[in-house]
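Each remark here refers to the structure printed beneath this line.
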Amino acid sequence: MRIKKAIPLTNSKRFYGWAAVALVIATTLVTGHFSSFNLPDAFAAVPGVIVFLANDFFPPNIGELPNILTPLLDTLAMAVVSTVIASCLSLVLAFLCAAPTTPHAAVRVVLRAFASALRNIPSLAWVMILVPAFGIGKFVGVLALIIGSLGSLTRFFTETIEEIDRGKIEAIRAAGGSYWQVLRNGVMPLCLPGFIAWMLYNFELDVRASSIIGMVGGGGIGFFIHSSLKLFKYANVATGILVVVLVVLIIEWTSKKIREALL
Amino acid sequence: MTAPKTISLVFTGRKILRLAVLICVIIAFILSLLQLRLEFFGGWETISKALSFMRRMMTMNFGIWQDVLIAALESMSVAVLATIISTLCAFFLSFFAAVNVSHRGVAWFIKAFCSAIRAVPTLIWALIFVAFLGFGPFAGVLGLFFHSFAYLVKAYSQAIEEVNPASIEAVRATGASWIQIMAKAVVPSARTAFISWTALRFEFNIGQSAILGLVGAGGIGHELSVHMRIFDFESGGFVILVIFFMSFGVEMLFNKLKLNQDKRLLKHD
Numbered sequence: 001m002r003i004k005k006a007i008p009l010t011n012s013k014r015f016y017g018w019a020a021v022a023l024v025i026a027t028t029l030v031t032g033h034f035s036s037f038n039l040p041d042a043f044a045a046v047p048g049v050i051v052f053l054a055n056d057f058f059p060p061n062i063g064e065l066p067n068i069l070t071p072l073l074d075t076l077a078m079a080v081v082s083t084v085i086a087s088c089l090s091l092v093l094a095f096l097c098a099a100p101t102t103p104h105a106a107v108r109v110v111l112r113a114f115a116s117a118l119r120n121i122p123s124l125a126w127v128m129i130l131v132p133a134f135g136i137g138k139f140v141g142v143l144a145l146i147i148g149s150l151g152s153l154t155r156f157f158t159e160t161i162e163e164i165d166r167g168k169i170e171a172i173r174a175a176g177g178s179y180w181q182v183l184r185n186g187v188m189p190l191c192l193p194g195f196i197a198w199m200l201y202n203f204e205l206d207v208r209a210s211s212i213i214g215m216v217g218g219g220g221i222g223f224f225i226h227s228s229l230k231l232f233k234y235a236n237v238a239t240g241i242l243v244v245v246l247v248v249l250i251i252e253w254t255s256k257k258i259r260e261a262l263l
Numbered sequence: 264m265t266a267p268k269t270i271s272l273v274f275t276g277r278k279i280l281r282l283a284v285l286i287c288v289i290i291a292f293i294l295s296l297l298q299l300r301l302e303f304f305g306g307w308e309t310i311s312k313a314l315s316f317m318r319r320m321m322t323m324n325f326g327i328w329q330d331v332l333i334a335a336l337e338s339m340s341v342a343v344l345a346t347i348i349s350t351l352c353a354f355f356l357s358f359f360a361a362v363n364v365s366h367r368g369v370a371w372f373i374k375a376f377c378s379a380i381r382a383v384p385t386l387i388w389a390l391i392f393v394a395f396l397g398f399g400p401f402a403g404v405l406g407l408f409f410h411s412f413a414y415l416v417k418a419y420s421q422a423i424e425e426v427n428p429a430s431i432e433a434v435r436a437t438g439a440s441w442i443q444i445m446a447k448a449v450v451p452s453a454r455t456a457f458i459s460w461t462a463l464r465f466e467f468n469i470g471q472s473a474i475l476g477l478v479g480a481g482g483i484g485h486e487l488s489v490h491m492r493i494f495d496f497e498s499g500g501f502v503i504l505v506i507f508f509m510s511f512g513v514e515m516l517f518n519k520l521k522l523n524q525d526k527r528l529l530k531h532d
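Protein sequences appear in the order of chains H and A. So for the first sequence, our numbering puts the first residue at 1; every next one is plus one. So for the second sequence, our numbering puts the first residue at 264; every next one is plus one.
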C-alpha cells in the first residue's frame with residue numbers, strides 16, 4: 001500500500017488564505033486596543049451621527065452666507081496662488097531631478113530627498129511649523145500650501161519626465177539638436193499633457209487642503225467651520241460644510257471638463 | 264549649423280485655446296493675489312526668526328520618545344483600523360454600486376451618496392465625530408472610516424466596471440447565480456485594482472491620522488500641537504521627524520511590495 005507523501009502545511013494555498021485572515025483579525029484587535037475602539041459604541045455611533053447631523057445641522061443657517069463669502073474667496077485664492085507658484089518652482093526642480101535631464105546624479109538624490117521630506121509632512125503640520133515665526137493668517141496658509149505642493153509636484157513632474165518616450169528624444173538628438181532644442185521640441189511637448197494633469201490635480205488637492213488649514217491658523221473657511229463647531233453653532237457649521245462641498249464638487253467637475261478639452 | 268529660431272504665427276484652433284487657458288490662469292493668479300491682500304511679513308527679521316526656529320527643530324529632543332511612541336502607535340492604529348473596516352464595508356457595497364453588475368438606479372444612488380460623503384474633507388468628518396463622541400482617537404477612527412469608506416466604494420466600483428464584460432457574460436452563460444458571477448468573474452479580474460486602491464488609501468490615511476490629532480482626535484497630531492504651542496521646537500522637531508517617517512515608511516514599504524503600481528489611480532481623497 002502506497003503511503004501518500006504529506007504536503008507541508010506552508011505549501012498549501014489555503015494556509016496562506018487563512019493566515020491572512022488571522023493576521024487581519026489580529027491586527028484589528030491590536031489597533032482597536034490602541035485607538036480605544038469600542039465596537040458597540042461604533043455600531044451605535046454611525047446611525048447616531050446621522051441623527052445628530054439631521055437634528056442639529058439641518059436646516060443650515062443661510063443667514064451666514066455673506067459672512068462666509070470672503071473666507072471662501074480667500075480659500076480659493078490661496079489654492080490658486082499656491083498651485084501656480086509651486087508649479088513654476090517644481091518645473092525647474094523636476095528638470096533638475098529627473099534621470100534623463102539631471103546635470104549630476106548627486107543633484108538628483110538630494111532633490112528627491114528634499115521633495116520627499118516636503119511632501120510626507122502634511123500641510124497642516126507645515127502650518128504648525130510656520131505659525132510661531134510668521135503668525136497666523138492667510139500668508140502662513142499660502143506658505144504652507146506652497147511647501148506641501150512643491151514636494152508633491154516635484155515628485156509628480158519628475159515621474160512624468162522619466163516616463164516619456166526616449167525614442168523621440170534620440171531622434172532629435174540624432175538630427176543634431178542642442179540641449180535646449182531637445183528640451184523645447186522634444187521633452188516639453190511630450191511632458192506638457194502630464195504636467196497639466198498633475199497641476200489640475202494639485203489644484204484640487206490644494207483647495208481641499210486650504211479649506212481646512214484655517215483650523216490651525218491658516219485663514220480661509222476652515223477657521224469659520226472650526227470656530228462654529230467649538231461654539232456649538234452647528235447650523236453655521238452645516239452652511240460652511242455645504243459651501244465647501246459645493247466648491248469641491250464644482251472644481252472636480254470643471255477639472256474633468258478641462259482635462260477632456262485639453263488632453 | 265543650427266536652424267534659425269522661428270515662432271509660427273499661424274493661429275490654429277489649438278494654439279488659441281492654449282493661449283486662452285494660459286491667460287486665464289495668469290488672470291486668476293493676479294486676482295487671487297489681490298483678493299488675499301497679503302500683509303507681507305515684517306521684513307527679514309521674521310525670516311531669520313523662522314530659520315532659527317527651524318534650526319532648533321533640527322536639534323531634536325529624543326527624550327520624549329516614550330510619549331511620542333505611544334502617540335505614534337495610536338495614530339497608526341487609527342489609520343490601520345479605519346482602513347481595514349472601510350475596506351471590508353466598501354468591498355461589499357461596491358458590487359451594488361457598479362453599473363455593470365447591479366441595478367442602474369441603485370448604483371447611481373449609492374455613488375451619489377458616497378460622492379457627497381467624499382466631498383466633505385476627512386478632517387471635517389473627524390471633527391463631526393469629535394463633536395458627537397468627544398475627543399480621542401475613537402472619533403478619529405470613525406471619521407477616517409466614514410470618508411475612506413465612501414472613497415473606496417467609488418474606487419472599487421470603478422475597478423469592477425473595468426472588468427472585461429466578456430468574462431462576465433461567459434460565467435453568466437454557464438447559469439451561475441449572481442454571487443457566483445461576482446466570485447468567479449469579477450473578483451479575480453478586479454483583485455489587483457482593489458489591492459492598489461486600498462494601498463493608496465492606506466498611505467493617505469496614515470498622513471491624515473497624523474493631523475487628526477491636531478484638531479482633537481489624539482495621537483501624534485496632539486503631541487505636535489502640544490509642543491508647538493509652547494514653542495518647544497526641539498520636541499516639535501522630533502515629532503515632525505516621526506510623522507515624516509510614518510508616512511515615508513509606508514511609501515517605501517509599498518514601493519518595495521509594488522502594491523501601488525496601478526498608474527491610472529490619479530484621484531486622491
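Positions of the beta carbon are idealized from the N, C-alpha and C atoms, including for glycine.
Take the alpha-carbon of A105(H) and the one of A99(H): they are about 8 Å apart.
A contact is defined here as three or more CB-CB pairs under 8 Å, and the region 317-330 of chain A meets this definition with respect to the region 497-512 of chain A. With the rule of 3 Cβ pairs closer than 8 Å, the region 115-128 of chain H counts as touching the region 464-478 of chain A.
Taking C-beta atoms as the reference points, V341(A) and S35(H) count as a pair closer than 8 Å.
Between the beta-carbon of I423(A) and that of F376(A) there is about 17 Å, and that puts the pair past the 8 Å contact cut. Residues of the same chain with a CB within less than 8 Å of the CB of R319(A), apart from the 5 flanking positions on each side, are F496, E497, G500 in chain order.
For N363(A), the closest alpha carbon among the candidates W307(A), A429(A), I293(A) is that of A429(A).
E424(A) has a beta carbon lying at 8 Å or more from every beta carbon in chain H. One Cα belongs to L516(A), the other to M509(A), and the distance between them is close to 11 Å.
Scanning chain H for C-beta atoms nearer than 9 Å to the C-beta of A379(A) yields V245, L249, reported in chain order. Against chain H, the CB of G397(A) has no partner CB under 8 Å away; the residue lies outside that interface.
Assigned with DSSP and collapsed to three states, P100(H) falls in coil, not helix or strand. Contact between V383(A) and I241(H) holds, with the beta-carbon distance rounding to 6 Å and staying under 8 Å. With contacts defined by Cβ atoms closer than 8 Å, T309(A) and A86(H) do not form a contacting pair. In this structure, I225(H) lies near V237(H), with their beta-carbon atoms less than 8 Å apart. Here the region 49-68 of chain H makes no contact with the region 200-215 of chain H; the two share fewer than three CB pairs at distances below 8 Å. Collapsing the DSSP output to three states places L124(H) in a helix. Following the DSSP letters along the chain, one finds V110(H) inside the alpha helix (DSSP H) bounded by residues 105-119.
Per the C-alpha coordinates, the member of M215(H), L262(H), L231(H) positioned closest to M128(H) is M215(H). Rounded to the nearest whole angstrom, the C-alpha separation of A334(A) and I503(A) is 12 Å. Distance between V426(A) and V449(A), taken at the CA atoms: about 6 Å.
In the three-state reduction of the DSSP assignment, F496(A) falls in the helix class.
In terms of CA proximity to V84(H), S149(H) leads the group F157(H), I161(H), L249(H), S149(H). For a Cβ distance threshold of 8 Å, residue set V80, V81, V84 of chain H lies close to F292(A), ordered along the chain. F467(A) has its alpha-carbon roughly 11 Å from the corresponding atom of F511(A).
With contacts defined as CB atoms closer than 8 Å, T28(H) and A94(H) fail to qualify as a contacting pair. V110(H) has a beta carbon lying at 8 Å or more from every beta carbon in chain A.
In this structure, the beta-carbon distance from T455(A) to S411(A) does not fall below 8 Å. Counting only runs of 4 or more residues that sit fully inside the region 369-425 of chain A, the alpha helix (DSSP H) segments are 385-396, 400-424, in chain order.
Annotation: G326(A) is outside any alpha helix (DSSP H) and is labelled neither H nor E by DSSP. For A402(A) against A480(A), the beta-carbon gap comes to about 6 Å, under 8 Å, which counts as contact. Between L299(A) and K138(H) a beta carbon distance of about 5 Å is seen, short of the 8 Å cut, so the two are scored as contacting. Within the same chain, L200, Y201, F203, E204 come within 8 Å of S255(H) by CB-CB distance, once the 5 residues on both sides are set aside.
The C-alpha of K13(H) lies about 53 Å from the C-alpha of Y234(H). Within the region 11-33 of chain H, the residues whose Cβ lies closer than 7 Å to any Cβ of chain A are, in chain order, V24, T27, T28, T31, G32. Each residue's CA atom was taken as its position, placing F409(A) and V109(H) some 38 Å apart.
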